[in-house]
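Each residue of the sequence shown is one higher than the one before, starting from 393 at the first, in this note's numbering. A virtual CB, placed ideally from N, CA and C, is assigned to each residue, including glycine. Keep in mind it's a predicted model, so treat the numbers as computed, not measured. One structure is given below, encoded as C-alpha cells.
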Amino acid sequence: MRHVGFVLGLMIWAGWAAAFEIEEVTVFEGTPGGPELHILSTTDTEAFAPLIEAFQAANPDVTLRYTVANSQEVYAAIYEEGARFDLVVSSAMDLQMKLANDGFGRSHRSDETAALPDWARWSDQLFAFAQEPVVLIANRAGFVGLAMPRTREDLIRLMREHPDRFRGRIGTYDPNVSGAGYLFATQDARQSDTIWRLAEVMGGLEPALFGSSGAMIDGVRSGDLMVAYNVVGSYAAARLGQDGPGVVIEAEDFTHVLLRTALIPRTATAPDQGAAFLDFLLSEDGQQLIEAETGLPRINEAALAASPHLRPIRLDLGLLVFVDPLMRQRFLAEWKAAVLQP
Numbered sequence: 393m394r395h396v397g398f399v400l401g402l403m404i405w406a407g408w409a410a411a412f413e414i415e416e417v418t419v420f421e422g423t424p425g426g427p428e429l430h431i432l433s434t435t436d437t438e439a440f441a442p443l444i445e446a447f448q449a450a451n452p453d454v455t456l457r458y459t460v461a462n463s464q465e466v467y468a469a470i471y472e473e474g475a476r477f478d479l480v481v482s483s484a485m486d487l488q489m490k491l492a493n494d495g496f497g498r499s500h501r502s503d504e505t506a507a508l509p510d511w512a513r514w515s516d517q518l519f520a521f522a523q524e525p526v527v528l529i530a531n532r533a534g535f536v537g538l539a540m541p542r543t544r545e546d547l548i549r550l551m552r553e554h555p556d557r558f559r560g561r562i563g564t565y566d567p568n569v570s571g572a573g574y575l576f577a578t579q580d581a582r583q584s585d586t587i588w589r590l591a592e593v594m595g596g597l598e599p600a601l602f603g604s605s606g607a608m609i610d611g612v613r614s615g616d617l618m619v620a621y622n623v624v625g626s627y628a629a630a631r632l633g634q635d636g637p638g639v640v641i642e643a644e645d646f647t648h649v650l651l652r653t654a655l656i657p658r659t660a661t662a663p664d665q666g667a668a669f670l671d672f673l674l675s676e677d678g679q680q681l682i683e684a685e686t687g688l689p690r691i692n693e694a695a696l697a698a699s700p701h702l703r704p705i706r707l708d709l710g711l712l713v714f715v716d717p718l719m720r721q722r723f724l725a726e727w728k729a730a731v732l733q734p
C-alpha cells in the first residue's frame with residue numbers, strides 16, 4: 393500500500409487549521425476521489441501501519457490520514473479546538489474518559505463492541521482495543537549479586553540497603569509533563585499507599601525523570617539506569633528482547649494494565665468510516681493482527697483471570713477524579729514534595 397508521511401507543527405486541510413502540536417501525519421492513499429478517514433492517535437505510525445494496510449486491503453477506496461500527537465495534544469485538539477477527526481486513539485485513559493463524559497463522543501453499537509468485557513467499554517462511546525501491563529524494567533548487569541525485585545516492597549528494601557548502587561540510576565515518568573506518567577502515578581495512589589514510600593525512597597536517590605517510556609528503556613539498555621519504574625510493557629518487551637541487557641518485571645503485588653482506547657468524536661466528518669475502523673480493531677481478525685504485528689497485547693479477559701496480579705485500569709468515572717484541576721494540583725504538589733527532594 394503506497395503512503396506518504398510528513399511531519400508538521402501546524403496543519404491545514406479542508407479549510408480547517410490545527411494549532412495543537414503534531415508529531416507526524418501519514419497519508420495512506422486509497423482510490424482517488426474515494427472517501428477519507430482521519431484518525432488522531434498517540435500510537436506511533438510504524439506500529440499502526442499494519443492495521444491500516446489490512447483495513448485498506450478490504451476497503452481500497454478509503455484514503456486514511458493518520459495523525460500522531462502526544463496525549464495532552466490529542467485531548468486539546470478535541471476538547472478545546474473541535475478538531476474534525478473520525479476516530480481518536482489514545483493511551484491516556486483518563487483524558488479519553490473526560491472527552492466521553494463531557495459529551496465529545498458519539499455512541500456506537502455493534503457486535504464487536506458488545507463482545508467487549510464491561511471493564512473495557514464505557515457507555516457505548518469509549519472502547520478498549522489493547523491491554524498492556526505497566527512494568528518495572530531492570531538492567532541485568534546492575535543487579536549482579538542482588539535478587540531482582542518482585543514487588544514494590546522488594547524495590548524499596550533494595551534501594552534502602554544499597555543506596556550507592558541506585559543513586560542517580562533510577563528512572564520514572566515525570567507526571568508534570570507526561571499524560572501516561574500522571575495516569576500511572578495516580579492509579580498507583582488509588583491502589584496502595586506503598587507508592588508514597590516508594591516515591592520518598594526514590595526521591596532521596598536523585599531519580600532521573602522522563603517524558604516517555606522509550607527514553608527509560610534506552611537508559612536501562614545502556615546501563616545508565618539500573619531500574620525504571622512504570623514503563624509501558626509492550627514497548628519494553630519489544631526493545632529489550634528476552635536475552636538482552638534488560639529484564640521486564642510484572643510486580644506481583646499488583647501490575648496495572650493500561651487500556652488503549654478509541655472514541656468516535658462528536659465533530660467527526662465521516663463517523664461511519666470511524667466506526668468501521670473501530671469495528672475492524674475489535675474484530676477477531678483485527679485483534680489477531682494487533683497482537684501479531686503491533687506488539688500490543690489484544691483484549692484478553694482469560695489472560696487477566698489467569699494472572700491475579702494484573703489489574704486492568706477500568707473504564708469508569710473513577711478515572712475523572714484526578715483529572716479535576718484542583719485534585720491534579722494537589723497530587724502533583726505531593727508528588728513533587730516526595731520525589732524532588734533538596
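*What residues in its chain sit with their C-beta under 8 Å from that of M551, if we drop five residues either side in the sequence?*
One-based indexing of the sequence shown puts residue 551 at position 159. For M551, where only same-chain residues beyond five positions count, the Cβ hits under 8 Å are F558, I562, V593, M594, L597.
*C-beta atoms of Q583 and F646 nearer than 8 Å*: For this step, residue 583 is matched to residue 191 along the sequence shown. For this step, residue 646 is matched to residue 254 along the sequence shown. Cβ atoms of Q583 and F646: closer than 8 Å.
*Would you check if the distance between the CB atom of P427 and the CB atom of V454 is smaller than 8 Å?*
Here residue 427 is taken as the residue at index 35 of the sequence shown, counted from 1. Here residue 454 is taken as the residue at index 62 of the sequence shown, counted from 1. The answer is yes: Cβ separation under 8 Å.
*asked:* Between S502, R501, L487, which has its C-alpha nearest G495's C-alpha?
replied: If you number the sequence shown from 1, residue 495 lands on position 103. Checked all of S502, R501, L487; the closest Cα to G495 is L487.
*Tell me A698's beta-bridge partners as DSSP assigns them.*
Counted from its first residue, the sequence shown places residue 698 at position 306. Bridge partners of A698: none, in fact.
*Does the beta-carbon distance from V731 to P599 come in below 8 Å?*
Here residue 731 corresponds to residue number 339 of the sequence shown, with the count starting at 1. Here residue 599 corresponds to residue number 207 of the sequence shown, with the count starting at 1. Yes, Cβ-Cβ distance for V731 and P599 is below 8 Å.
*asked:* Let me make sure I understand the geometry here. Which of Q679, P704, A684, M618 has the alpha-carbon closest to that of P343?
replied: No answer is possible for residue 343: it lies beyond the span of the chain, which begins at 393 and ends at 734.
*E504: buried (16+ other C-beta within 10 angstroms of its C-beta) or exposed?*
Indexing the sequence shown from 1 puts residue 504 at position 112. Buried, because 16 or more other Cβ atoms sit within 10 Å of the Cβ of E504.
*Whole angstroms is fine: what's the gap from A522's alpha carbon to Q464's?*
To locate residue 522, count along the sequence shown from 1; it is residue 130. To locate residue 464, count along the sequence shown from 1; it is residue 72. Using only the alpha carbons, I get a separation of about 20 Å.
*Quick one: is A539 near chain E, going by C-beta distance under 8 Å?*
Of the chains in the structure shown, none is chain E; there is only one protein chain.
*asked:* Using C-beta distances below 7 Å, list every residue in its chain close to L655, excluding the 5 sequence neighbours before and after it, in chain order.
replied: For the purposes of this step, residue 655 is identified with residue 263 of the sequence shown, where counting begins at 1. Cβ within range, chain order: V480, Q488, L491, A492, G497, Q517, L518.
*Start-to-end residues for the beta strand (DSSP E) that takes in A522*: Here residue 522 corresponds to residue number 130 of the sequence shown, with the count starting at 1. It spans 518 to 531 - the beta strand (DSSP E) in which A522 sits, taken as one unbroken run.
*Whole angstroms is fine: what's the gap from P637's alpha carbon to M608's?*
Working through the sequence shown from its first residue, we reach residue 637 at position 245. Working through the sequence shown from its first residue, we reach residue 608 at position 216. Computed Cα separation, rounded: 13 Å.
*How many whole angstroms separate the CB atoms of S483 and T434, which I take to be in contact at a CB cut-off of 8 Å?*
Position 91 of the sequence shown, counting from 1, holds the residue named residue 483. Position 42 of the sequence shown, counting from 1, holds the residue named residue 434. The pair is a contact, with the Cβ atoms about 5 Å apart (cut-off 8 Å).
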